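Top to bottom, those sequences are chains A and B.
So the first sequence is residues 153 to 514, counted in this note's numbering.
So the second sequence is residues 9 to 293, counted in this note's numbering.
All C-beta atoms, glycine included, are put in the ideal place defined by N, C-alpha and C.
Just so we're clear, the structure is a prediction, and the values are computed from it rather than from any experiment.
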Amino acid sequence: MNRKRTALSVAAAGTATGVVGLVLLAAPAGADEAPPTLPEVSAEALVQSVLTSDVPALSGTVKVSSDLGLPVPGLPTGDEAVRVYTDGQGKARISMDQGRGEKTVIADGATTWLWNSADRSVVKYDSAAEHRADRSTEEKLADPAAVSLEFITAMRADSTVSVDGTAKVADRPAYQLVLTPKPTERTLLREVRIAVDSETRLPLRLEVLANGSAEPALSVGFTEFATGAQDAGLFTFTPPAGAKVTDGNAEAREHQPTEQQKKDFLATINPKVVGEGWDTVLVGTVPADLLKAEVSGKDADGRKAAGTPLDLLKQFGKPVSGPFGTGFVITTKVGTALVAEDGRVAVGAVPQQVLVDALGQK
Amino acid sequence: MTAALDEPRATARRAPLTRLLRSELRMVLRRPRTLIGLALLALVPVVAGIGIAIATGSSSGESVGDGLASLVEGNGLLLPIFGLTMSMTMLLPLTGAMLAADALAGEAANGTLRGLLVAPVGRARLLAVKAFGVAAVSLFAVLLMAATGIVAGLLLLGGDGMLTSSGTTLPFGAGLGRVLLTVVLVTVQVWALAAVALAVSAWTEHPLIVVVVSLGVVIVSGVLSVIPALDWLTPALITTSWEAIPEVVKDPLPTATLLTGVLRAGCYILIGYSIALSRMLTRDG
């Protein structure tokens, strides 16, 4: 009987261990960890060290997540993990899941290769400079260093820059650099937080927080981060047999608009920047025929979507009128867009009234 | 007496474990449904290979499908991995559940479990033998699928290495290693579901209930994992690791993700066998 009781308690302990294991797997890592203690640093010194820091050889996983509060249903919430590797000397490898395939970008110094497993295609770019212009925004977001630097330089004039404690990002102690808009700025954003690695001084995470919500509206950051020499084989690429290889440079030249086309396009759009700092508003004009053109296509879920862009605006936007006439406004947590019925458009990280004012300034 | 000569003296009084395991295996493999199931599973990669070979032969340049399927063309070593990940959605879990259902509930339904419970074999030992039978036959099923997949892939689709989804080409040996890794990962996941099924199997006398409950677990996990509000639950769901198995064709290998999947399966194995053990010990025959 004693053996039976022992065996039963072993079984109970086994069940408990299994359940605890599952709970640990489900629990977010380091959720209730005390922030690490780091030597004090002034905001200026921190920004300076970020601006002068070099990217060492590293590997990591970057996660992009957004909660923009768009009124459009069916949009992806955008939780994407991107693997990045770099040797710190200009060679890099980025790979991300796209749908059910995988996209890999390999920059081996002289050539940049773009591999897409879904259709086994390879796009080859010869010079690194041209490639940079062609990079999609998504790939740019995968590089938190570049994103954060752009923010700091642009925002210093209109923001308070401060160091607000420390945090643990990707299991590394980091300073929290916080950019808060000056009280005179009329913006939807509450603050931008940049976690700076205490050792390498690389930005590890960028968070954009909007007024009225505790969770970041946009977050780009490392979930895994490790410095150290990388396998050189990661940065070489040979197009596999049977893959379609296209020359990206030639393709880009073919589709390059002529100077006249560019000029015409700019003349129709007529872009204008109103205001500066956090309440910058971009004003432009969408050609009226484009707004009323019939668009048919498939949305993210594969359903047929048809109608003019104006119809879509009526569906998702809120009608608004002011000195500029009438139009529709679409509000998200981090920004507002206003489209007037005559085709004028104003976009900015600002409340609706600022957009109305900007359109009225004309 | 002959058996006792092969075994150390301490265990000679009880039936030797190897003999029990061997007889359990023989019994599982002698069931017609096991054999038919194994034969059908072995056919899965072959049928998939023929389908892909025909599809690529008729439409040149068109992609055959999405995900792994688009990579299998001319890339034979990927066929076993494709077949295994495809079967992981339903066929292999079903096999594991069926084996676990037969192991205890099936015996109870036949009335033969009573005999086993009063036999001079410890109950924990009996459960271990039954669990071994389930685990060994599921491993065999996965190995069989991998073998027919490799042969069918090389014959029908060709290829002398393995093209990974990251665009690199692995040499034949390393590609074979990836297939073996897939076998291990898939087997562990089947074991996890079989452990849960065995726990149910110990509680009921109806094998059908075991299969239904196991499939229910799979389907409910699948549904829970797509509800955004329950995202926090996803890392604990049994099916989460199944979706990560196709990542074995990435280069470099995402070790952390795959290891987490194995740990998750380990938790389920521990829970399943522990519950099965406690029920077996308290069962009244």
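Inset, instruction - Return the CA-CA distance between ALA132/B and PRO24/B, expressed in angstroms with no decimal places. - result: Here residue 132/B is taken as the residue at index 124 of the second sequence, counted from 1. Here residue 24/B is taken as the residue at index 16 of the second sequence, counted from 1. Rounded to whole angstroms, ALA132/B to PRO24/B spans 15 Å at the Cα level.
Legend entry - Status (buried if at least 16 other CB within 10 Å, exposed otherwise) for PHE389/A: Locating residue 389/A in the first sequence gives position 237, counting from the first residue. With 16 or more other Cβ atoms within 10 Å, it is buried.
Legend entry - Straight-line gap, ASP453/A to ASP239/A (C-alpha atoms, nearest Å): For the purposes of this step, residue 453/A is taken as the residue at position 301 of the first sequence. For the purposes of this step, residue 239/A is taken as the residue at position 87 of the first sequence. Note that ASP453/A scores 43 on pLDDT, short of 50, meaning its location in the model is unreliable and no value can be drawn from it.
Legend entry - Three-pair Cβ contact test at 8 Å for the segment 159-175 of chain A versus the segment 276-284 of chain B: yes
Legend entry - CB-CB length for THR312/A against THR336/A, believed under 8 Å: Translated into the one-based positions of the first sequence, residue 312/A becomes position 160. Translated into the one-based positions of the first sequence, residue 336/A becomes position 184. Between THR336/A and THR312/A the Cβ distance is about 12 Å, and since that is not below 8 Å, they are no contact.
Inset, instruction - Compile a chain-ordered list of the residues in the segment 127-159 of chain B whose CB is closer than 9 Å to at least one CB of chain A. - result: GLY130, ARG131 and ALA132
Inset, instruction - Closer than 8 Å by C-beta to ALA510/A: which residues in its own chain qualify, once you throw out the five before and the five after it? Chain order, please. - result: Walking along the first sequence from the start, residue 510/A turns up at place 358. Same-chain partners within the cutoff: VAL426, GLY427, VAL433, VAL435, ALA498 and GLY500.
Inset, instruction - Take THR375/A as the anchor and find which of PRO187/A, ASP399/A and VAL236/A has the nearest alpha-carbon. - result: Sequence index remark: in the first sequence, residue 375/A carries index 223 (1-based). For the residues PRO187/A, ASP399/A and VAL236/A, the minimum Cα distance to THR375/A belongs to VAL236/A.
Legend entry - Beta carbon proximity, LYS255/A to chain B, threshold 7 Å: Position 103 of the first sequence holds residue 255/A. So, not an interface residue.
Legend entry - Contact list for TRP240/B against chain A, beta-carbon separation under 7 Å: The count along the second sequence starts at 1 and reaches residue 240/B at position 232. Per Cβ cutoff of 7 Å: ALA178.
Legend entry - Reference TRP430/A; option with closest CA among ALA362/A, THR398/A and GLN467/A: What you label residue 430/A is simply residue 278 of the first sequence in a count that begins at 1. Among ALA362/A, THR398/A and GLN467/A, the Cα nearest to that of TRP430/A belongs to ALA362/A.
Legend entry - Nearest-angstrom Cα separation, counted from THR195/B out to LEU147/B: In the second sequence, residue 147/B corresponds to position 139, counting from 1. In the second sequence, residue 195/B corresponds to position 187, counting from 1. Those two C-alpha atoms are separated by around 6 Å.
Inset, instruction - Taking LYS396/A as part of the beta strand (DSSP E), name the residues at either end of that continuous run. - result: Taking the first sequence and counting its residues from 1, the one referred to as residue 396/A is at position 244. It spans 396-399 - the beta strand (DSSP E) in which LYS396/A sits, taken as one unbroken run.
Legend entry - Under 9 Å from the C-beta of ALA164/A: neighbouring residues of chain B: Position 12 of the first sequence holds residue 164/A. Chain B residues near ALA164/A: SER282 and SER286.
Legend entry - CA-to-CA distance, ALA404/A to GLU282/A, given in whole angstroms: Mapped onto the first sequence, residue 282/A falls at position 130. Mapped onto the first sequence, residue 404/A falls at position 252. Because GLU282/A carries a pLDDT of 48, less than 50, the predicted location of this residue cannot be relied on, and the following value inherits that uncertainty. For GLU282/A and ALA404/A, the distance between alpha carbons rounds to 9 Å.
Inset, instruction - Report the residue from THR64/B, LEU92/B and LEU271/B whose alpha carbon sits nearest the alpha carbon of LEU188/B. - result: Position 180 of the second sequence holds residue 188/B. Out of THR64/B, LEU92/B and LEU271/B, LEU92/B has the C-alpha closest to the C-alpha of LEU188/B.
Inset, instruction - Answer with yes or no whether the minimum CB distance from SER174/B to chain A is below 7 Å. - result: Taking the first residue of the second sequence as 1, we reach residue 174/B at position 166. With 7 Å as the cut-off, SER174/B counts as an interface residue toward chain A.
Legend entry - Own chain partners of LYS258/B with C-beta closer than 8 Å, once the 5 adjacent residues on each side are dropped: Translated into positions along the second sequence, residue 258/B becomes position 250. Answer for LYS258/B: THR172, SER173 and SER174, listed in chain order.
Legend entry - Alpha carbon of LYS243/A to alpha carbon of ALA322/A, nearest angstrom: As a first step, residue 243/A must be located in the first sequence, where it is residue number 91. As a first step, residue 322/A must be located in the first sequence, where it is residue number 170. About 23 Å.
Inset, instruction - For the segment 383-415 of chain A, enumerate the residues whose C-beta is nearer than 8 Å to any C-beta of chain C, in chain order. - result: No chain C appears in the structure shown, which is made up of the protein chains A and B.
Legend entry - VAL228/B: first and last residue of the uninterrupted alpha helix (DSSP H) it sits in: The residue labelled residue 228/B in the question sits at position 220 within the second sequence. Note, VAL228/B: alpha helix (DSSP H), 215-233.
Legend entry - Spatial neighbours of ILE258/A in its chain, beta-carbon cut-off 6 Å, leaving aside the 5 residues before and after: Position 106 of the first sequence, counted from the first residue, corresponds to residue 258/A. If we look at ILE258/A and ignore the five residues flanking it on each side, its Cβ neighbours are ARG245, TRP265 and PHE389.
Inset, instruction - From the DSSP output, read off the bridge partner residues of GLU254/A. - result: Working through the first sequence from its first residue, we reach residue 254/A at position 102. Partner(s): ASP249/A.
Inset, instruction - Check whether the Cβ of THR169/A lies closer than 7 Å to any Cβ atom in chain B. - result: Taking the first residue of the first sequence as 1, we reach residue 169/A at position 17. It does: the Cβ of THR169/A has a partner Cβ on chain B nearer than 7 Å.
Legend entry - Under the three-state DSSP convention, the category LEU356/A falls into: By one-based count along the first sequence, residue 356/A stands at place 204. Residue state, collapsed to three classes: strand.
Inset, instruction - Using a Cβ-Cβ cut-off of 7 Å, state whether ILE279/B counts as contacting chain A. - result: For this step, residue 279/B is matched to residue 271 along the second sequence. It does; some Cβ of chain A falls within 7 Å.
Inset, instruction - Give the straight-line distance between the Cα atoms of ALA262/A and VAL198/B, rounded to the nearest whole angstrom. - result: As a position in the first sequence, residue 262/A is number 110, starting the count at 1. As a position in the second sequence, residue 198/B is number 190, starting the count at 1. The straight-line gap from Cα to Cα measures roughly 46 Å.
Legend entry - ARG353/A classed as buried or exposed, judged by whether at least 16 other C-beta atoms fall within 10 angstroms: Numbered from its first residue, the first sequence carries residue 353/A at position 201. Buried, by the Cβ-count rule.
Inset, instruction - Let me know if GLY205/B comes out buried or exposed under the rule of 16 or more other beta-carbons within 10 Å of its beta-carbon. - result: By 1-based counting over the second sequence, the position of residue 205/B is 197. It is Ala, not Gly, that sits at residue 205/B in the sequence shown. Buried, by the Cβ-count rule.
Inset, instruction - Following the continuous alpha helix (DSSP H) through THR264/A, name the residue where it begins and the one where it ends. - result: Taking the first residue of the first sequence as 1, we reach residue 264/A at position 112. Run containing THR264/A: none in the alpha helix (DSSP H); it sits in the beta strand (DSSP E), 264-268.
Legend entry - Three-state secondary structure assigned by DSSP to PRO471/A: Stepping through the first sequence from its first residue, residue 471/A is reached at position 319. Three-state result, PRO471/A: strand.
Inset, instruction - Taking LEU490/A as part of the beta strand (DSSP E), name the residues at either end of that continuous run. - result: Locating residue 490/A in the first sequence gives position 338, where the first residue counts as 1. Here the beta strand (DSSP E) through LEU490/A covers 488-492.
Legend entry - LYS415/A, DSSP secondary structure in three states: Start at 1 with the first residue of the first sequence, and residue 415/A comes out as number 263. Residue state, collapsed to three classes: helix.
Inset, instruction - Using a Cβ-Cβ cut-off of 7 Å, state whether SER247/A counts as contacting chain B. - result: Walking along the first sequence from the start, residue 247/A turns up at place 95. For SER247/A, the answer is yes, since a Cβ of chain B falls inside 7 Å of its Cβ.
Legend entry - ARG324/A, buried or exposed, once every other Cβ within 10 Å from all chains shown has been counted against 16: Working through the first sequence from its first residue, we reach residue 324/A at position 172. ARG324/A comes out buried.
Legend entry - Neighbour flag for LEU48/B against chain A, beta carbons, 7 Å: Counted from its first residue, the second sequence places residue 48/B at position 40. Not an interface residue.
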